[in-house]
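Visitor:
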């Protein structure tokens, strides 16, 4: 509306963005609920992607978001990632959306979030680790996000592991890769 000032338009856009993100959160929760408590195996529409390219795209989005939110992120790769991933793209993205949502909610911003990736024979291993925020007074979890990740990764033929100590939380996503130099 031309009658509104630029500041008013910006405020309205921020309200729209906030409401869209809230709606996305609600639909994500609903999806997770049905995935965890619904069918034993989610429907998959696998497509083949270059492993390095797909991983770079998905992880870069989240690294940039965390950096903008004040997190220090350390990334690393043990060797070159080669080969192809056969994954359902929307489910692949949902896995990392869930994992990075947990980082935003529960990680201690004063310690780095580490993200590493490596190829071990015919398996891509992505590890995300962070220090747990001990000052958090309220837990905003319905405990479905990690279960969703586990189920989606398993449906793609992979493995999902999580480790917790008193001060750190780590997850590993292991997915089969084909067409690597080693196989």
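In my numbering, the protein residues as written are 44 to 226. For each residue, glycine too, the CB sits at the ideal point set by N, CA and C.
Among 193, 189, 204, 103, whose alpha-carbon lies nearest the alpha-carbon of residue 118?
Guide: Locating residue 118 in the chain shown gives position 75, where the first residue counts as 1. Measuring from the Cα of residue 118, the nearest candidate turns out to be 103.
Visitor: Taking 7 Å as the cut-off, decide whether the C-beta atoms of residue 208 and residue 172 are in contact.
Guide: Mapped onto the chain shown, residue 208 falls at position 165. Mapped onto the chain shown, residue 172 falls at position 129. No.
Visitor: How many angstroms separate the CA atom of residue 45 from the CA atom of residue 66?
Guide: Position 2 of the chain shown holds residue 45. Position 23 of the chain shown holds residue 66. Answer to the nearest angstrom: the Cα atoms are 28 Å apart.
Visitor: Could you give the uninterrupted runs of the alpha helix (DSSP H) lying entirely in the region 183 to 208, keeping only those of 4 residues or more?
Guide: 188 to 198
Visitor: Since I believe residue 201 is in contact with residue 217 (beta carbons under 8 Å), could you give me their beta-carbon distance rounded to a whole number of angstroms?
Guide: Numbered from its first residue, the chain shown carries residue 217 at position 174. Numbered from its first residue, the chain shown carries residue 201 at position 158. Rounded to whole angstroms, the Cβ separation of residue 217 and residue 201 is 5 Å, and the two are in contact under 8 Å.
Visitor: Report the CB separation of residue 140 from residue 174 in whole angstroms; it is logged as a contact under 8 Å.
Guide: Sequence index remark: in the chain shown, residue 140 carries index 97 (1-based). Sequence index remark: in the chain shown, residue 174 carries index 131 (1-based). With a Cβ gap of about 21 Å, residue 140 and residue 174 do not count as contacting.
Visitor: Taking Cβ to Cβ, would you say residue 196 is nearer than 7 Å to residue 126?
Guide: By 1-based counting over the chain shown, the position of residue 196 is 153. By 1-based counting over the chain shown, the position of residue 126 is 83. Against a cut-off of 7 Å, the Cβ pair of residue 126 and residue 196 comes out as no contact.
Visitor: Out of curiosity, what's the CA-to-CA distance linking residue 191 and residue 138?
Guide: Within the chain shown, residue 191 is the residue found at index 148, counting from 1. Within the chain shown, residue 138 is the residue found at index 95, counting from 1. When rounded, the distance between both Cα atoms is 8 Å.
Visitor: Quick check on the DSSP output: the alpha helix (DSSP H) that includes residue 94 runs from which residue to which?
Guide: Here residue 94 refers to the residue found at position 51 when the chain shown is read from its first residue. It spans 94 to 111 - the alpha helix (DSSP H) in which residue 94 sits, taken as one unbroken run.
Visitor: Can residue 88 and residue 199 be called in contact, C-beta distance under 7 Å?
Guide: Locating residue 88 in the chain shown gives position 45, counting from the first residue. Locating residue 199 in the chain shown gives position 156, counting from the first residue. Residue 88 is not a Cβ neighbour of residue 199, given a cutoff of 7 Å.
Visitor: Take residue 120 as the anchor and find which of 210, 187, 169, 211 has the nearest alpha-carbon.
Guide: One-based indexing of the chain shown puts residue 120 at position 77. Measuring from the Cα of residue 120, the nearest candidate turns out to be 169.
Visitor: To the nearest angstrom, report how far apart residue 187 and residue 63 are at their CA atoms.
Guide: Reading the chain shown from its first residue, position 144 is the one you call residue 187. Reading the chain shown from its first residue, position 20 is the one you call residue 63. Going from the Cα of residue 187 to the Cα of residue 63 covers about 21 Å.
Visitor: On a Cα-Cα basis, can you pick out the residue from 156, 210, 205, 206 that is closest to residue 177?
Guide: For this step, residue 177 is matched to residue 134 along the chain shown. Ranking 156, 210, 205, 206 by Cα distance to residue 177 puts 210 first.
Visitor: Excluding the five sequence neighbours on either side, which residues of its own chain have a C-beta within less than 7 Å of the C-beta of residue 157, listed in chain order?
Guide: Walking along the chain shown from the start, residue 157 turns up at place 114. If we look at residue 157 and ignore the five residues flanking it on each side, its Cβ neighbours are 117, 172.
Visitor: Between 143, 215, 112, which has its C-alpha nearest residue 101's C-alpha?
Guide: Counted from its first residue, the chain shown places residue 101 at position 58. The residue with the shortest Cα to Cα distance from residue 101 is 143.
Visitor: Going by DSSP in three states, residue 145 sits in which element: helix, strand or coil?
Guide: Within the chain shown, numbered from 1, the residue matching residue 145 stands at position 102. DSSP places residue 145 in helix when its eight states are reduced to three.
Visitor: Measuring alpha carbon to alpha carbon, tell me which residue in 162, 59, 49, 149 is nearest residue 33.
Guide: Residue coverage of the chain in this structure runs from 44 to 226, which leaves residue 33 outside it and unanswerable.
Visitor: Check whether the Cβ atoms of residue 90 and residue 132 sit closer than 7 Å, and answer yes or no.
Guide: Working through the chain shown from its first residue, we reach residue 90 at position 47. Working through the chain shown from its first residue, we reach residue 132 at position 89. Result yes, Cβ atoms of residue 90 and residue 132 sit closer than 7 Å.
Visitor: Give every residue of the same chain whose Cβ lies closer than 8 Å to the Cβ of residue 110, excluding the five residues on either side of it in the sequence, and list them in chain order.
Guide: Taking the chain shown and counting its residues from 1, one reaches residue 110 at position 67. Excluding positions up to five away in sequence, the list reads 116.
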